[in-house]
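Data first, discussion second: the structure below is written as structure tokens.
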Amino acid sequence: MKKKMIFSFGVVAVIGMSMWALVFGVIGGSGRPMAGTANEEKTAGESRSSDTREEESAEVSAQTSWGLSFQQEGAAPVGNATPEYLKEYGAYYIDEEGAEEKNIYLTFDAGYENGYTSDILDVLKEEEVPATFFLVGNYIEQSPDLVKRMEKEGHTVGNHTMHHPDMASISEKEAFKKELEDLEALYKETTGKDMKKIYRPPQGKYSEENLKQASDMGYTTVFWSLAYVDWYEDKQPTREEALNKLNGRIHPGAIVLLHSTSKTNSKILQELIQGWKEQGYKFCSIDNLLT
Numbered sequence: 053m054k055k056k057m058i059f060s061f062g063v064v065a066v067i068g069m070s071m072w073a074l075v076f077g078v079i080g081g082s083g084r085p086m087a088g089t090a091n092e093e094k095t096a097g098e099s100r101s102s103d104t105r106e107e108e109s110a111e112v113s114a115q116t117s118w119g120l121s122f123q124q125e126g127a128a129p130v131g132n133a134t135p136e137y138l139k140e141y142g143a144y145y146i147d148e149e150g151a152e153e154k155n156i157y158l159t160f161d162a163g164y165e166n167g168y169t170s171d172i173l174d175v176l177k178e179e180e181v182p183a184t185f186f187l188v189g190n191y192i193e194q195s196p197d198l199v200k201r202m203e204k205e206g207h208t209v210g211n212h213t214m215h216h217p218d219m220a221s222i223s224e225k226e227a228f229k230k231e232l233e234d235l236e237a238l239y240k241e242t243t244g245k246d247m248k249k250i251y252r253p254p255q256g257k258y259s260e261e262n263l264k265q266a267s268d269m270g271y272t273t274v275f276w277s278l279a280y281v282d283w284y285e286d287k288q289p290t291r292e293e294a295l296n297k298l299n300g301r302i303h304p305g306a307i308v309l310l311h312s313t314s315k316t317n318s319k320i321l322q323e324l325i326q327g328w329k330e331q332g333y334k335f336c337s338i339d340n341l342l343t
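Sequential numbering of the sequence shown, starting at 53, is according to our numbering.
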């Protein structure tokens with residue numbers, strides 16, 4: 053078979069420690085994420101043997117980190133799993149259907165409160181922009197008033213698990229469910245509301261089995277199609293660096309990942325939102341993607 057090599061990269065986060073790394077991922081010929089080396093091959097339309105499919109299935113069950121390849125400014129990146137494959141499990145990294153209307157989705161990952169979320173919420177309220185905040189257990193425990201404000205002001209709080217483990221390494225179904233259900237219970241205890249069934253894997257690490265497990269629980273798994281290095285507290289990007297990176301990579305249907313722990317994000321958010329509005333982008337609620 054003639055095959056094409058594809059390199060891709062992605063951003064993953066270790067919340068609570070502010071330690072992050074760039075990882076690589078690749079796409080198999082079926083659209084599935086492939087574990088192991090970043091040097092993987094892609095089939096060019098030929099049918100595959102049953103042996104090949106079995107090998108791919110075994111590889112897919114291994115840990116995979118979400119990855120992106122930005123190949124053209126202003127265009128959607130290539131993920132290390134195709135939108136079609138992810139939709140089999142009610143998962144997304146981009147809204148292809150909403151791209152024609154230039155829909156975009158603003159999401160924040162928050163493992164702890166760093167003093168900027170209140171300012172972020174102020175901007176979102178003034179600009180009338182809905183957002184999704186993916187939270188972990190200790191955030192809800194330590195910042196209940198902010199969580200209540202998110203809910204009151206119409207934002208979505210997503211499940212980022214109770215303890216932020218590597219979910220791809222959890223093989224037992226009950227252990228996987230417990231990480232999500234414990235956060236659901238804490239959120240309801242804090243807000244009096246049921247948590248919406250939307251999930252983002254910690255560090256972007258997942259497996260095909262994880263996608264199945266989340267789907268079986270009624271969850272929509274949401275990755276991202278735009279992110280940048282905004283998590284180092286002692287090495288924050290400048291305003292210019294942040295705007296150049298984000299404006300150069302925004303694209304129709306984007307699911308944008310920012311970190312609420314970033315001082316730069318809190319300072320540029322209003323300018324960023326206003327600029328994207330001027331370009332014709334429409335900020336939508338992540339509820340549009342819920343299965």
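Idealized CB from N, CA, C, for every residue including glycine.
Own chain, CB closer than 6 angstroms to residue i, minus 5 neighbours either side, in chain order
{"i": "residue 174", "result": "none"}
{"i": "residue 231", "result": "213 and 214"}
{"i": "residue 294", "result": "316 and 320"}
{"i": "residue 184", "result": "159, 208, 210 and 338"}
{"i": "residue 176", "result": "183"}
{"i": "residue 266", "result": "251 and 273"}
{"i": "residue 287", "result": "none"}
{"i": "residue 103", "result": "Here the model assigns residue 103 a pLDDT of 40, short of 50, so the residue's position is not dependable, and the following value carries that caveat. Same-chain partners within the cutoff: there are none."}
{"i": "residue 169", "result": "198 and 312"}
{"i": "residue 218", "result": "257"}
{"i": "residue 253", "result": "219"}
{"i": "residue 200", "result": "243"}
{"i": "residue 186", "result": "161, 210, 212 and 252"}
{"i": "residue 289", "result": "316"}
{"i": "residue 228", "result": "222 and 265"}
{"i": "residue 318", "result": "168, 171 and 172"}
{"i": "residue 123", "result": "none"}
Unbroken beta strand (DSSP E) run spanning residue i, endpoints
{"i": "residue 157", "result": "155-162"}
{"i": "residue 209", "result": "208-211"}
{"i": "residue 185", "result": "183-187"}
Element boundaries [alpha helix (DSSP H), containing residue i]
{"i": "residue 172", "result": "169-179"}
{"i": "residue 202", "result": "196-204"}
{"i": "residue 242", "result": "225-243"}
{"i": "residue 137", "result": "135-139"}
Beta-carbon contacts of residue i that lie in its chain and below 7 angstroms, excluding the five residues immediately before and after
{"i": "residue 196", "result": "242"}
{"i": "residue 106", "result": "For residue 106, the predicted model reports a pLDDT of 40, less than 50, meaning its position is unreliable and no value from the coordinates is stated."}
{"i": "residue 97", "result": "At residue 97 the pLDDT is 28, less than 50, meaning the model places this residue with poor confidence and gives no usable figure here."}
{"i": "residue 270", "result": "249"}
{"i": "residue 206", "result": "182"}
{"i": "residue 331", "result": "none"}
{"i": "residue 226", "result": "none"}
{"i": "residue 99", "result": "For residue 99, the predicted structure reports a pLDDT of 32, less than 50, and the residue's modelled location is therefore unreliable. A value from the coordinates is still provided. Excluding residues within five positions, none has a Cβ falling inside 7 angstroms."}
{"i": "residue 101", "result": "Low confidence applies here, because residue 101 scores a pLDDT of 36, under 50, leaving its location unreliable; read the following figure in that light. Within the same chain, residue 101 has no close Cβ partners at all."}
Under 9 angstroms between C-beta atoms of residue i and residue j
{"i": "residue 313", "j": "residue 166", "result": "yes"}
{"i": "residue 164", "j": "residue 274", "result": "no"}
{"i": "residue 300", "j": "residue 125", "result": "yes"}
{"i": "residue 162", "j": "residue 188", "result": "yes"}
{"i": "residue 148", "j": "residue 129", "result": "no"}
{"i": "residue 263", "j": "residue 120", "result": "no"}
{"i": "residue 239", "j": "residue 192", "result": "yes"}
{"i": "residue 336", "j": "residue 142", "result": "no"}
{"i": "residue 246", "j": "residue 233", "result": "no"}
{"i": "residue 277", "j": "residue 131", "result": "yes"}
{"i": "residue 178", "j": "residue 322", "result": "yes"}
Other residues of its chain near residue i: CB distance less than 8 angstroms, five sequence neighbours each side excluded
{"i": "residue 342", "result": "248, 249, 250 and 272"}
{"i": "residue 203", "result": "209, 243 and 245"}
{"i": "residue 327", "result": "295 and 299"}
| query | Does the segment 298-307 come close enough to the segment 146-164 that 3 or more CB-CB pairs lie under 8 angstroms? | reply | Using a C-beta cut-off of 8 angstroms, the segment 146-164 makes contact with the segment 298-307, since at least three inter-stretch Cβ pairs fall below that distance.
| task | Quick one: which unbroken alpha helix (DSSP H) runs of 4-plus residues sit fully inside the segment 268-335? Chain order, please. | result | 291-301 and 315-330
| task | Would you be able to state if there are at least three C-beta pairs under 8 angstroms between the segment 284-298 and the segment 255-272? | result | no
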